[in-house]
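Trainee:
Protein chains: 2
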Amino acid sequence: MTLAYIPDDFASRAHLASVGDALDRMGVRMAFAKDEEVYAQDDQADFIYRVVSGAIRTTVLMSDGRRQIGEFYYPGDIFGLEPGPDHRFSAEALCDGVVLVLKRSALRAAGADADLQAAIWAAMTRELERTQEHMLLLGRKTACEKVASFLTDLSHRRPGEQLDLPMSRQDMADYLGLTIETVSRMLSQLQSNSVLEFAGCRHVRIKNPAALARLAQ
Amino acid sequence: MTLAYIPDDFASRAHLASVGDALDRMGVRMAFAKDEEVYAQDDQADFIYRVVSGAIRTTVLMSDGRRQIGEFYYPGDIFGLEPGPDHRFSAEALCDGVVLVLKRSALRAAGADADLQAAIWAAMTRELERTQEHMLLLGRKTACEKVASFLTDLSHRRPGEQLDLPMSRQDMADYLGLTIETVSRMLSQLQSNSVLEFAGCRHVRIKNPAALARLAQ
DNA sequence: CGTCATCTTGATTACGCTCAAGCTCCGTGG
DNA sequence: CCACGGAGCTTGAGCGTAATCAAGATGACG
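If you read the sequences in order, they're chains A and B.
Numbering-wise, the first sequence is residues 0 to 216 according to numbering that gives the first Met the number 0.
Numbering-wise, the second sequence is residues 0 to 216 according to numbering that gives the first Met the number 0.
(1) Can the beta-carbon of P74/B be found less than 7 angstroms from the beta-carbon of L127/A?
(2) May I have the straight-line CA-CA distance separating R204/A from F149/A, to the nearest angstrom?
(3) First and last residue of the alpha helix (DSSP H) that includes H133/B?
(4) Spell out whether any CB of chain A is found under 7 angstroms from the CB atom of V51/B.
(5) Kindly indicate which residue of L137/A, W120/A, D170/A and S191/A has the alpha-carbon position closest to the one of A54/A.
(6) In terms of residue numbering, what span does the alpha helix (DSSP H) encompassing T151/A cover?
(7) Which one of A121/B, K145/B, I47/B and R184/B has the shortest CA to CA distance from A90/B?
(8) What does G96/A pair with, by DSSP beta-bridge criteria?
(9) Does any residue of chain B have a CB that is nearer than 7 angstroms to the CB of G64/A?
(10) Taking only three categories from DSSP, how would you classify E36/B?
(11) Looking only at C-alpha atoms, which of R56/B, G64/B and F88/B sits nearest to E70/B?
(12) Please list, in chain order, all residues of the same chain as A32/B whose beta carbon is under 7 angstroms from its beta carbon, the five residues on each side excluded.
(13) Please go through the same chain and pick out, in chain order, the residues whose beta-carbon is closer than 7 angstroms to the beta-carbon of H202/B, but skip the five residues on each side of it.
(14) Taking C200/A as the reference, which of R168/A, D45/A, A209/A and I68/A has the closest Cα?
(15) Could you tell me the alpha carbon to alpha carbon distance between M166/B and H133/A, rounded to whole angstroms?
(16) Would you say P82/A lies against chain B (beta-carbon separation less than 7 angstroms)?
(17) Tell me the residue span of the alpha helix (DSSP H) that contains S191/B.
(18) Cα separation between T178/A and G26/B?
(19) Just to confirm, are L80/B and R49/B a CB contact at a threshold of 7 angstroms?
(20) What residue does the beta strand (DSSP E) around Q67/A start on, and which one ends it?
(21) Can D42/A and H86/A be called in contact, C-beta distance under 7 angstroms?
(22) List the residues of chain B whose Cβ lies closer than 8 angstroms to the Cβ of H155/A, in chain order.
(23) Closest by CA to V97/B, which one among S52/B, R65/B and A209/B?
(24) Cβ atoms of L137/A and G138/B: under 7 angstroms apart, would you say?
(25) Counting only beta-carbon atoms, is Q116/B nearer than 7 angstroms to chain A?
(26) So with CB distances below 8 angstroms, who are the chain A contacts of Q131/B?
(27) Between the alpha carbons of R68/A and D152/A, how many angstroms are there, rounded?
(28) Can you grab the Cα-Cα spacing for the pair D173/A / C143/A, in whole Å?
(29) Counting only Cβ pairs nearer than 8 angstroms, list the residues of chain A close to L137/B.
(30) Between which two residues does the alpha helix (DSSP H) harbouring R49/B extend?
(31) Should M29/A go down as buried or exposed, given a rule of 16 or more other Cβ atoms within 10 Å for buried?
(32) Closest to I77/B by C-alpha separation, out of L60/B, L99/B and L211/B, would be which residue?
(33) Just to confirm the assignment, what range does the beta strand (DSSP E) spanning L164/B have?
(34) For a quick check, are the C-beta atoms of D45/A and R103/A less than 7 angstroms apart?
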């Protein structure tokens, strides 16, 4: 990890935070290389983070190496919010990117910046909603529904003509509770059904969003 | 649902909340019958709840009837905490029981009751930790590991010589992302391996907690 | 004591996993 | 610019775990 940018009057600005995007003004920009760790499991949860560019995954490991991905985060998303004192998941960069980092104590010291507090509260809300939706997916959906749900969700979070996938098939598999082979098969099947069209394995166009949403249940 | 107990000077006491258990003094006791709904999916999340007796499950349904149970709550547990404006899951009584209910606005009006705030924060922390552990279970554990994890967890939350299960096999299955048949088979297997001993299908004794914990991974 | 929901057990099926080749694509260096 | 190499992806064959379908057994309650 390398410091990409530190505001020159970081400390003195803290108390001025009141309007607009406090994170932008108070935070420190840090660049992360692909697969670099932003924070580790059991680290103290002293900071909050926002993705500037690139993408982030949060993961938990079992002793035998089985892995579960908790969530993917894209530019604009806030992550690292945990009410407890330490992180239960680790966070890593999916690809090279930049993250804005803000110490929680600085946040408290700055007092009630209404906008920032609202943004954090909104992020916690989204976080919980997504986690609960993820539990339903893991517990009760079929492989096809899982993959369709994943793509539908991603397309809503990253609108655009073409969807590009910053994560590997292994990352998708560990997010969906599947194997890479099953993920690959489902994607191939969706392509042969004319729901998707791939232009290289990391670039998809959703040809039939309605059908995809239907398959996602 | 029936009102079981309303403090006679409910309103006047609110501003006195400062030490001890504010929930006890400010909350309203309500009795729920087995399978009765405490709150519904998409209800406004205006209240927080604490189990006094009995047990509660939170559930989410798919359109075709598939069900996922988010969590079980036992006496002393706080539930219904959601940062968003409405509930994503519904909550129902597993068996007849009593729940203490406190309106959030009353909570805010009462100001900073340090003990209560700390209890709520601790509950949110536990909630998130449990949810993340639950995701790992749903996504990456085998049927046997799921059942063993469930019993190990339950035994820690409800210590005692004998463990009694307030939920049906269907509830366990919907919590673990399995079918009732698989749950039943795993329990039978654990009994034949002398890890468990049943005295009726709702009462278990854990004969070998170490083995159970090992199977839970 | 009888009835019915709930739970257990058995037989069979199927979905997704494992193991095993190939293939693609991308970066690298000649 | 193209050949090479290798990680990551796809596809195939066979298997295994858990689901489904189908009887029975248990036990709670009137």
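All C-beta atoms in this analysis are idealised placements derived from N, C-alpha and C, irrespective of residue type, glycine included.
Mentor: On the basis of the supplied data:
(1) Result no, Cβ atoms of P74/B and L127/A do not sit closer than 7 angstroms.
(2) Looking at the two C-alpha atoms, the distance is approximately 14 angstroms.
(3) Per DSSP, H133/B belongs to the alpha helix (DSSP H) from A113 to R139.
(4) Closer than 7 angstroms: no.
(5) For the residues L137/A, W120/A, D170/A and S191/A, the minimum Cα distance to A54/A belongs to D170/A.
(6) Segment A142 to R156, the alpha helix (DSSP H) holding T151/A.
(7) Checked all of A121/B, K145/B, I47/B and R184/B; the closest Cα to A90/B is I47/B.
(8) F31/A.
(9) No, G64/A does not count as interfacial toward chain B.
(10) Three-state result, E36/B: strand.
(11) The shortest Cα separation from E70/B among R56/B, G64/B and F88/B belongs to R56/B.
(12) The residues A92 and D95, in chain order, have a CB closer than 7 angstroms to that of A32/B in the same chain once the five nearest residues on each side in sequence are set aside.
(13) Excluding five sequence positions before and after H202/B, the CB atoms of its chain that fall closer than 7 angstroms to its own CB belong to Q161 and D163, given in chain order.
(14) Ranking R168/A, D45/A, A209/A and I68/A by Cα distance to C200/A puts R168/A first.
(15) As the crow flies, the alpha-carbon of M166/B is around 23 angstroms from that of H133/A.
(16) At least one C-beta of chain B is nearer than 7 angstroms to the C-beta of P82/A.
(17) It spans I179 to S191 - the alpha helix (DSSP H) in which S191/B sits, taken as one unbroken run.
(18) Using only the alpha carbons, I get a separation of about 48 angstroms.
(19) Using a Cβ distance threshold of 7 angstroms, L80/B and R49/B do not count as a contacting pair.
(20) Note, Q67/A: beta strand (DSSP E), R66 to Y72.
(21) Closer than 7 angstroms, so yes.
(22) Under the 8 angstroms cutoff, chain B gives no residues; its nearest Cβ is about 17 angstroms from H155/A.
(23) It is S52/B whose Cα lies nearest to the Cα of V97/B.
(24) If you check the CB distance, G138/B and L137/A come in under 7 angstroms.
(25) Not an interface residue.
(26) Neighbours of Q131/B in chain A, taken as residues whose beta carbon is under 8 angstroms from its own, are V59, G69, R87, F88 and T130 in chain order.
(27) Sequence check: residue 68/A is Ile here, not Arg. Cα-Cα distance, rounded: 15 angstroms.
(28) In a straight line, the C-alpha of D173/A is about 15 angstroms away from that of C143/A.
(29) Chain A residues near L137/B: M134, L137, G138 and G176.
(30) From DSSP, R49/B is part of no alpha helix (DSSP H) but of the beta strand (DSSP E) over F46 to S52.
(31) The residue in question, M29/A, is buried, as its Cβ has 16 or more Cβ neighbours within 10 Å.
(32) Distances from the alpha-carbon of I77/B to those of L60/B, L99/B and L211/B put L99/B closest.
(33) Per DSSP, L164/B belongs to no beta strand (DSSP E) and is neither H nor E.
(34) The Cβ atoms of D45/A and R103/A sit closer than 7 angstroms to each other.
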